[in-house]
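Asker: Residue numbers (the numbering used here): 4 to 210.
(1) From the DSSP secondary-structure annotation, give me the bridge partner or partners of residue 90.
(2) By the DSSP assignment, the alpha helix (DSSP H) with residue 76 in it spans what residues?
(3) Output yes or no for whether 9 Å exceeds the beta carbon distance between residue 207 and residue 107.
(4) Does DSSP classify residue 179 as helix, strand or coil?
(5) Among 158, 98, 171, which one has its Cα closest to the Cα of residue 3?
(6) In the DSSP assignment, find the beta strand (DSSP E) that holds residue 60 and state where it starts and stops.
(7) What do you get for residue 129, buried or exposed, if any count of 16 or more other CB atoms within 10 angstroms of its CB means buried?
(8) Give the DSSP-derived three-state secondary structure of residue 30 in the structure shown.
(9) If contact is defined by three or more beta carbon pairs under 8 Å, each pair taking one atom from either stretch, is the segment 185 to 205 in contact with the segment 132 to 146?
(10) Is it buried or exposed for residue 45, if we count other Cβ within 10 angstroms and need 16 for buried?
(11) Assign residue 81 to buried or exposed, taking buried as 16 or more other Cβ atoms, counted over all protein chains shown, within 10 Å of its Cβ.
(12) Does DSSP put residue 133 in a helix, in a strand, or in coil?
(13) Distance, Cα to Cα, residue 204 vs residue 40?
(14) Would you mind working out which of 67, 76, 70 sits nearest residue 61, comparing C-alpha positions?
(15) Can you give the Cα-Cα distance for residue 169 and residue 193, rounded to whole angstroms?
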């Protein structure tokens, strides 16, 4: 089969196949995996060479992670013992994306063990990030379906921790959300040079 060096793929990256079982990992030097909800943010992080500066593997699938991506992340986590950090919008949809990577989707419960990554940690964005990074003027009002989803998620078994209950309640109470792009108000390299490195250094994760 083909041998691919992920560090030499340039701006386009590598398209994750729908079936990830045949991929063999010959040599991996990365310290962790960073999953990003949006391609545009992935492109920015790739352009800033975050994968090189932080020695990580950058993955994005534009929204909900595909089965192929989730299987690849699960395999790398298990077989290579790599930590996994998830970076999404500060909204119920983004947090749900994180939960699907960590626990698998309810629709595919029968295959969830192969598609889940129990050691995944949520790096952001959080409601606290919105205030900590001065993004209040860059928020978007929650739609009724966002509030409905947040209330449903509060009853899910995997969102029962005190931190996640507080996060979801805060979103409902505040009535707003923020997209990853809001962080760029501090400059286009802010996510790469400040936000992600600081979060990792301080180990500010939701679990």
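C-beta atoms are modelled at their ideal positions from N, C-alpha and C, and glycine is treated no differently.
Bear in mind the structure is a predicted one, so any value in this text is a computation, not a measurement.
Answerer: Well, looking at it:
(1) On the chain shown, residue 90 is found 87 positions in, with the first residue counted as 1. As computed with DSSP, residue 90 is found in a beta bridge with 39, 127.
(2) By one-based count along the chain shown, residue 76 stands at place 73. 70 to 83 is the extent of the alpha helix (DSSP H) around residue 76.
(3) Within the chain shown, numbered from 1, the residue matching residue 207 stands at position 204. Within the chain shown, numbered from 1, the residue matching residue 107 stands at position 104. Result no, Cβ atoms of residue 207 and residue 107 do not sit closer than 9 Å.
(4) Position 176 of the chain shown, counted from the first residue, corresponds to residue 179. Three-state result, residue 179: strand.
(5) Residue 3 is absent from the model: the chain starts at 4 and stops at 210.
(6) Here residue 60 corresponds to residue number 57 of the chain shown, with the count starting at 1. Taken as a continuous stretch (DSSP letters only), the beta strand (DSSP E) holding residue 60 covers 59 to 63.
(7) Here residue 129 corresponds to residue number 126 of the chain shown, with the count starting at 1. Under this definition residue 129 is a buried residue.
(8) The residue labelled residue 30 in the question sits at position 27 within the chain shown. Three-state DSSP puts residue 30 in coil, outside helix and strand.
(9) Yes, they touch.
(10) Taking the first residue of the chain shown as position 1, residue 45 is located at position 42. Classification of residue 45: buried, given that the 10 Å Cβ count is 16 or more.
(11) Position 78 of the chain shown, counting from 1, holds the residue named residue 81. Exposed: under 16 other Cβ atoms inside 10 Å.
(12) In the chain shown, the residue the question calls residue 133 occupies position 130. The answer is helix: DSSP assigns residue 133 an H, G or I state.
(13) Along the chain shown, read from residue 1 onward, the residue named residue 204 stands at position 201. Along the chain shown, read from residue 1 onward, the residue named residue 40 stands at position 37. Roughly 21 Å between the two C-alpha positions.
(14) Along the chain shown, one-based indexing puts residue 61 at 58. Ranking 67, 76, 70 by Cα distance to residue 61 puts 76 first.
(15) Stepping through the chain shown from its first residue, residue 169 is reached at position 166. Stepping through the chain shown from its first residue, residue 193 is reached at position 190. If I take the Cα positions, the gap works out to 27 Å.
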